[in-house]
Amino acid sequence: QIGFSIFLLSSLPWLVRSYGVMGLSLWRWRKEQVQQLDRDLPYFRQVLSWLASFPESTLIEHRRFARLFLGQLSPKIGMLGGGQERFAILPVVASTFLVARSWEAPQDMPLWQVILVIGFVLFFFMLIVINLMHIRLQLYESLLTEALAMKAGSEPASP
1441 QIGFSIFLLS SLPWLVRSYG VMGLSLWRWR KEQVQQLDRD LPYFRQVLSW LASFPESTLI
1501 EHRRFARLFL GQLSPKIGML GGGQERFAIL PVVASTFLVA RSWEAPQDMP LWQVILVIGF
1561 VLFFFMLIVI NLMHIRLQLY ESLLTEALAM KAGSEPASP
């Protein structure tokens, strides 16, 4: 009990600091997000003007390609993740469960479980990569739509 008490006392500064930093970042998230968006705005305008320098037919063709790719990618994300909000963390939970079961003697873990754990982890990282690709494609499509609106001389399409 004394050893555990010493452990808790020694980790108390770390816990207080960690929860303090987490609390401050949750308290200031709006201000930090606004600051980040203010830094990104000039780059956004620069990319839009660069895209607007291309011929309109090229922009339309690239936007059509991005929309087709998004249309093909979205069902695959749903199929693989089974609804990202609910099931995307399941491979990690299953892997953690399998590894924790044989924590005392990891060398006694059956080979099929080792292969399953590695497969779950790879599957999880594949979902992350596909979701990042989806986000980039959405941004690319939005930028192309904005560039077409700039080229036409009208107001940007998004608010």
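Residue numbers (this note's numbering): 1441 to 1599. Backbone N, C-alpha and C fix where the C-beta goes; we use that ideal spot for every residue, glycine too.
Margin query: How far does the alpha helix (DSSP H) with Phe-1494 in it extend, from its first residue to its last?
Written below: Sequence index remark: in the sequence shown, residue 1494 carries index 54 (1-based). DSSP places Phe-1494 outside any alpha helix (DSSP H), giving it a letter other than H or E.
Check: Among the residues of its own chain, which have a CB less than 7 angstroms from the CB of Lys-1471, if the five just before and after it don't count?
Finding: Here residue 1471 is taken as the residue at index 31 of the sequence shown, counted from 1. For Lys-1471, where only same-chain residues beyond five positions count, there are no Cβ hits under 7 angstroms.
Check: If you drop the 5 nearest sequence neighbours on each side, which residues of the same chain put their C-beta closer than 7 angstroms to that of Phe-1509?
Finding: Here residue 1509 corresponds to residue number 69 of the sequence shown, with the count starting at 1. These residues qualify, in order along the chain: Leu-1577.
Notebook entry, point to check: Do the CB positions of Val-1557 and Leu-1538 come within less than 8 angstroms of each other?
Noted result: Residue mapping note: residue 1557 aligns to position 117 of the sequence shown, counting from 1. Residue mapping note: residue 1538 aligns to position 98 of the sequence shown, counting from 1. Yes.
Next item on the list: Specify the secondary structure class of Gly-1593 as computed by DSSP and reduced to three states.
Entry: Position 153 of the sequence shown, counting from 1, holds the residue named residue 1593. Of the three classes helix, strand and coil, the one that applies to Gly-1593 here is coil, per DSSP.
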